[in-house]
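K.L.:
Sharing a structure, written as structure tokens. Questions coming.
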Amino acid sequence: MALLRTLTHLGSALLLSLLAVSAQAEQSISDGKYEIHYNAFNSTFITPEVAQQYNLTRSSVRALVNVTILKIGDDGGKTPVRAQVRGQAANLLQQAQQLEFQLVDEGQAMYYIGSFRFTEEEKQIITLEVQPDANMPPYNIEFEQTFYTN
23 MALLRTLTHL GSALLLSLLA VSAQAEQSIS DGKYEIHYNA FNSTFITPEV AQQYNLTRSS
83 VRALVNVTIL KIGDDGGKTP VRAQVRGQAA NLLQQAQQLE FQLVDEGQAM YYIGSFRFTE
143 EEKQIITLEV QPDANMPPYN IEFEQTFYTN
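Residue numbering for the sequence shown follows the working numbering, starting at 23 and increasing by one per position.
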């Protein structure tokens with residue numbers, strides 16, 4: 023029972039960390055079927071405990087990309103769903119890093135986290151392919167962001 027409380031607390035801590043960061047720079051797309059939220063931030067924004075729980079690397083030169091997919095129901099309600107998520111981060115010299123996403127499933131919240139390295143004041147072009155339905159083409163998302171070491 024204590025382990026369950028600890029896991030719930032750590033999961034909630036990760037969710038709260040991601041929500042706090044996402045409030046700063048969240049972006050989303052929606053087509054009436056799905057709503058996809060995405061953002062990127064320096065990995066030092068999460069606590070050491072959350073990083074350890076989810077096997078994430080905290081570093082002043084490492085960023086995290088967070089992707090959440092919500093299915094929009096006929097009644098307008100939104101439910102988190104699984105998807106195939108792929109992506110890359112590339113600097114202006116077109117040096118690209120493939121993002122490997124891991125699923126964090128907390129029942130009522132579900133998100134994909136990927137990471138990449140960057141240098142001080144480096145602009146990255148992040149491209150994502152998000153495919154919640156294997157029978158439909160993926161959603162293609164691209165955004166640019168400049169990252170700073172702490």
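The beta carbon of each residue, even a glycine, is placed where N, CA and C say it ideally should be.
(1) With Y76 and V107 assumed to form a contact (beta carbons below 8 Å), what rounded beta-carbon distance in angstroms separates them?
(2) If distances are taken between C-alpha atoms only, which option among Q110, G109 and G95 comes closest to V103?
(3) Whose C-beta lies closer than 6 Å to the C-beta of T90 among residues of the same chain, with five residues either side of it excluded?
(4) Quick check: the Cα distance between T69 and E166, rounded to an integer number of angstroms?
(5) Please determine, among N162, Y56 and L114, the residue with the shortest C-alpha to C-alpha distance to L150.
(6) Report yes if the C-beta distance between A105 and Q153 is below 8 Å; otherwise report no.
(7) Skipping 5 residues on each side, what residues in its chain have a beta carbon closer than 6 Å to that of F123?
P.N.:
Concretely, from the data shown:
(1) Taking the first residue of the sequence shown as 1, we reach residue 76 at position 54. Taking the first residue of the sequence shown as 1, we reach residue 107 at position 85. About 16 Å; that fails the 8 Å criterion.
(2) Walking along the sequence shown from the start, residue 103 turns up at place 81. Among Q110, G109 and G95, the Cα nearest to that of V103 belongs to G95.
(3) As a position in the sequence shown, residue 90 is number 68, starting the count at 1. For T90, same chain residues with a beta-carbon under 6 Å away, outside a window of 5 residues either side, are H59 and Y133 in chain order.
(4) Residue 69 sits at position 47 when you count from the first residue of the sequence shown. Residue 166 sits at position 144 when you count from the first residue of the sequence shown. Their backbone Cα atoms lie some 25 Å apart in a straight line.
(5) Position 128 of the sequence shown, counting from 1, holds the residue named residue 150. The candidate whose alpha carbon is nearest that of L150 is N162.
(6) Taking the sequence shown and counting its residues from 1, one reaches residue 105 at position 83. Taking the sequence shown and counting its residues from 1, one reaches residue 153 at position 131. Against a cut-off of 8 Å, the Cβ pair of Q153 and A105 comes out as a contact.
(7) In the sequence shown, the residue the question calls residue 123 occupies position 101. So the list reads V107, Y134 and G136, once near-sequence residues are dropped.
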